[in-house]
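One structure below.
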Amino acid sequence: MSLQMNRRDFLAGSGTLVVSVMLPGLSAHAATPGTQASRMALKPDQLSSYISVNRDGSVTGWVGKVDMAQGTEIGWIKIIAEELDMPPERVRMVQGNTEETVDQGGASGSTGIWRGGHALRNAAAEARLTLMEMGAAKLGVPIDQLEVNDGVISQRGKPGRKVSYGELIGGRQFDVQLEWNKEYGNDLLVKGRAKPKSPSEYKQIGKPGTRRRDVAEKLYGTATVMADIKVPGMLHGRVLRPPVAGAVPVSVDNTSVKDIPGVRVVWQKNFIGLVAPKQWDAIRAARQLKVVWSAATPPFPEQQDLYKHIAGAKVMKRDEEVNSGDVDAAFAAAARVVEYSYAWPFHSHASLSPACGIADMRADSATVWTGGQKPHHCREGIAIMFNLPEDKVKVIYTPGPGSYGRNDSGDATMDAAVLSKAVGEPVRVQGMRHDGTGWDPKSPASIHRSRAAIDKDGKVLAWHFETKGFSRREFFRDEGSPERTLAGQLMDWPLKPVWLLGVPGESYSFARRKTSDTIGPLLDRASPLRSSHFRDPGGPQIHFASESFMDELALATNTDAVEFRLRYLKEPRDLEVVRTVAEKASWQSHVGARKQMRGEVHTGQGLAYAVRGATRVAVIAEVEVNPKTYRVWVRRYVIAHDCGQVIAPDLLRQTIEAQVVQTTSRAVFEEVKFDQRNVTSVDWLSYPILDIKDAPEAIDITLIDRPEMPPAGAGEATCRVVAAAVANAIFDATAVRLRQVPFTPERLKAAWV
Amino acid sequence: MAKRFNLNVNGRAHAVTADPEMPLLYALRDDLGMHEPRFGCGLAQCGACTVLLDGNPARSCSVPVSAVGAAKVTTLAGIGSAQKPHKVQAAFIEEQVPQCGYCLNGWVMTSVALLEKNPHPSDEQIRDALTGLKCRCGTHLSIIRAVKRAAQA
Ligand code: FES
Ligand code: FES
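Top line first, the protein sequences correspond to chains D and C. Residue numbers 2 to 754, in the working numbering, belong to the letters of the first sequence in order. Residue numbers 5 to 157, in the working numbering, belong to the letters of the second sequence in order.
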């Protein structure tokens, strides 16, 4: 079980009631510990919902977000420790549990530091001010004569006159109201009277060297992650999926598993699963159970017809973004029009372990354990599905395998809940590999057409970029309602699809029109190709096309690729990342493919740049292409990254490095395979990802720190530049332009000139 | 039908009663309550379940419990501890390698075996030894850095 002390214990253990901070202007307040336990009492506008001081003077930060093991936790700790002038070792975080943290949206959209950290910073600043006021009263010294060192307030010049945070309020709760913007989720913000420190006062922010808390225990095998949780009396569940997507159970032969001890089959509407006391028995029973499935019409096109299908499919929604320029007039006046098309396949989240969820459903309450990144949404979904008040559903977060948007976790918890409700015992569900890769949410496949109008001098007059593909939110981005889960869909909950794919970020200064057409799913209910968020949703697809096209335009206008960006980008931060990356990679100005050789292999460099929210990133990929085997190896990446204020540089580097490797995997190796009946990518052989032999030798990252700006998201921005940079580098190395992901040897061979 | 099997895990004797076909992984996780070997694929394709059998890396998801016999099983927790870390564990901590860490057993246990046979591997030998292991989070570069660090320790 998690080592986290829950808030109830924390309060109970303090041996006191919650006592107000007795300050002028603040009302006295006493509450019983129990009232803190439910969401109603866990108020977003109370400082105590975010920060508390323990009896030993250490500090606990409470956050309704979760760290997907990229060090966000350390970012929060540094932010809190900085404002409170505490050593970071004496600050700990509680993340995500619905009874202990306010709904701040979980891990979502790289907002952990940007939004979550913002709220915590304001709360911590307010906590410090409150403590200083208390210290001033206690010591009888005006506040402006006080200083804080390591959580001890003392009179400047008289270190003997001191009082610690712990002595002032340890074990009790702040009773301080914050200004709350009345939003939940990612949008929640709070602020108090206090102004956070200015960057010039920072002692910890932006400095390297803070160790993550979860690493050592993972190495010693002493960590408890989601898959390790055991609940007394827990049964093991498995859910059966049909051989043809869309088929539903028609009959079940329970006697086919009667030789396996303790198996119980659960069949409700189109949901069919089973439980057994031992996991191995549940696995065997799921293999052995005889189910007759309906004769469903195979729902999918042949794989090679996917992009044709997208091109011809009915548009459910068009999103359009036009800037001020007159695009039609520019095309009418153009001396030349350059046009190319690009395609991106379905990708599987393919988390390293198939998701695990545990549910203990009682008549009027529920406890759920999830490794998913949005515990508060998990609570909402379970509450609606089983008609429970939200405050009767307790969701406990314990880290699952790396999740980058919407993996299969929400399905596993709902499956566990359905099974637990049916059998009246706690149930743990963890699928097999084919349940994970085969049936997890997919990132959407899409096609892109890009056109540019060029005048007689080679100047780009206008750009028209069209995206068409599946929704990145077909069944939303979280499990906050039953129809967003496989179990809910199998149990006939009305579908509420969201049609959204996206357009490239705003960057270039030419007149442009960007449209995004979202099409409907291939199978609308319980589809193994249902599409949702996967790290920078829509970003890699769209920017693969747009940034490949910028290189093609550079070539068409006889311009070096770096020079092309510098010519058409205007914002100084954009220009700086491009200039920096070019310099760090020793970029040599050139036009077109150089086809350089190093020994037996072709080598090339390729650039891509993008903006994501308030983050800018430019990357140069250096590839080797083997003309005999057609293997593409990205030997080195050079990256310039500007996400505003840098909180924890070493962790930021690792986050960038890992997302570059992950997106390299997607660009070079990954494609969900399917036939007309079902997804056929069901394991690591049929869904290969990057192997360590294909990992780059180096990823050189330059962080452009802007302490005067707020910190922006950094967990996803670099995902969107990787594929285009690699494609552009392959072109430089070989003169082969790949306009379709992944860049497999077969595809390269077919296109070789 | 279920049978009784004696297992030697991290130097201690254990007995489990299980279907002979049940993979060792489930005996370690479910019967002995160990956390370290993880389920990733059950198909010997990822390495998340790796243990050492008499010093050699083995994928416990694909070794029937009946096939273990007298072999000494070593798990991640069996190679070292916070008090006495193995140099590979220490190096992985120093490099802050894991993200989710669900993949870690494969990388660490295979690296331990590699360094036993070849204490100073080249980059290429490291990649060769670790090929086939999976990490979805993309921590590969820090893994290579950590193995090199361990080799220098
Ligand atoms: S779980 Fe054993 S190799 Fe993947
Ligand atoms: S760290 Fe998550 S799979 Fe390797």
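Beta carbons: idealized from backbone N, C-alpha and C, even for Gly.
Item: DSSP has Val683/D in a bridge; who is on the other side?; Value: Looking at the DSSP assignment, Val683/D forms no beta bridge with any residue, so it has no partner.
Item: For Ser3/D, decide whether its Cβ has a neighbour in chain C, counting only Cβ atoms nearer than 8 Å.; Value: Note that Ser3/D has pLDDT 33, beneath the 50 cutoff, so the model's placement of it is unreliable and the number below is only indicative. Ser3/D does not count as touching chain C.
Item: Using a Cβ-Cβ cut-off of less than 7 Å, list which residues of the stretch 341-356 of chain D approach chain C; keep chain order.; Value: Ala351, Ser352, Leu353, Ser354
Item: Would you say Ile700/D lies against chain C (beta-carbon separation less than 8 Å)?; Value: yes
Item: Taking the C-alpha atoms as reference points, what is the distance between Val771/D and Ala356/D?; Value: There is simply no residue 771/D to check, as chain D begins at 2 and stops at 754 in what is shown.
Item: Compute the Euclidean distance between the alpha carbons of Phe535/D and Pro522/D, then round it to the nearest angstrom.; Value: 17 Å
Item: Per DSSP, what kind of secondary structure is Pro743/D in: helix, strand or coil?; Value: coil
Item: Measure the alpha-carbon distance for Tyr106/C versus Thr143/C and round it to whole angstroms.; Value: 12 Å
Item: Roughly how many angstroms separate the alpha carbons of Arg16/C and Val428/D, rounded to a whole number?; Value: 31 Å
Item: For Arg667/D, collect the residues of the same chain with a Cβ closer than 6 Å to its Cβ; drop the 5 residues on either side in sequence, then sort them by chain order.; Value: His348
Item: Verify the contact flag: Ala117/C, CB atom, against every heavy atom of ligand 1, threshold strictly below 7 Å.; Value: no
Item: Which residues in the same chain as Val639/D place their Cβ atom closer than 6 Å to its Cβ, once the five residues preceding and following it in sequence are excluded?; Value: Val582, Lys585, Ala586, Ile621, Asp701
Item: Using DSSP's beta-bridge definition, name the partner residues of Gln431/D.; Value: Cys357/D
Item: Please specify which runs of the alpha helix (DSSP H), each continuous and at least 4 residues long, are wholly inside the stretch 464-534 of chain D, giving them in chain order.; Value: 487-491
Item: Are Leu570/D and Tyr509/D closer than 8 Å when you measure CB to CB?; Value: yes
Item: Could you check where the beta strand (DSSP E) with Asp282/D kicks off and where it finishes?; Value: It is not in any beta strand (DSSP E) - Asp282/D instead sits in the alpha helix (DSSP H) that spans 280-289.
Item: I'd like to know whether the C-beta of Val72/C is nearer than 8 Å to at least one C-beta of chain D.; Value: no
Item: Is any non-hydrogen atom of ligand 4 found closer than 7 Å to the C-beta of Cys50/C, if you look at the structure I gave you?; Value: Because ligand 4 does not appear in the structure shown, any question about it cannot be addressed here, the ligands present being ligand 1 and ligand 2.
Item: Closest Cβ-Cβ distance between Ser64/C and chain D: below 8 Å?; Value: no
Item: Does DSSP put Ile705/D in a helix, in a strand, or in coil?; Value: coil
Item: Could you tell me if the beta carbon of Cys53/C falls within a distance shorter than 7 Å of some heavy atom in ligand 1?; Value: yes
Item: Which stretch, first to last residue, makes up the beta strand (DSSP E) that contains Asp320/D?; Value: 316-323
Item: Report buried or exposed for Lys66/D, applying the criterion of at least 16 other Cβ atoms within 10 angstroms of its Cβ.; Value: buried
Item: Based on the DSSP secondary-structure assignment, which residues constitute the bridge partners of Arg444/D?; Value: The sequence shown places Ser at residue 444/D, rather than the Arg named in the question. In the DSSP output, where bridge partners are listed per residue, Ser444/D has His348/D.
Item: Is the Cβ of Trp634/D closer than 8 Å to any Cβ of chain C?; Value: no
Item: Please report how far the alpha carbon of Thr21/C lies from the alpha carbon of Asn10/C, in whole angstroms.; Value: 9 Å
Item: To which residues does DSSP link Arg1/D through a beta bridge?; Value: This structure gives no information on residue 1/D, because the portion of chain D shown stretches from 2 to 754.
Item: Ile311/D lies in the alpha helix (DSSP H); which residues open and close that run?; Value: 307-313
Item: Return the CA-CA distance between Asp282/D and Pro262/D, expressed in angstroms with no decimal places.; Value: 7 Å
Item: Counting Cβ pairs closer than 8 Å, one from the stretch 225-241 of chain D and one from the stretch 112-124 of chain C, do we hit at least three?; Value: no
Item: Is the stretch 553-572 of chain D close to the stretch 587-607 of chain D, with three or more CB pairs under 8 Å?; Value: yes
Item: On the DSSP bridge list, what partners appear for Pro27/C?; Value: Pro68/C
Item: For ligand 2, any of its heavy atoms closer than 7 Å to the Cβ of Leu353/D?; Value: yes
Item: Do we get a CB-CB distance below 8 Å when we pair Thr719/D with the residues of chain C?; Value: no
Item: So Gly222/D contacts chain C; which residues on that side make the cut at Cβ distance below 7 Å?; Value: His39, Glu40, Thr79, Leu80, Ala81
Item: Looking only at its own chain, which residues have a Cβ that is under 6 Å from the Cβ of Leu29/C, when we skip the five neighbours before and after it?; Value: Pro41, Cys53, Ser64, Cys65
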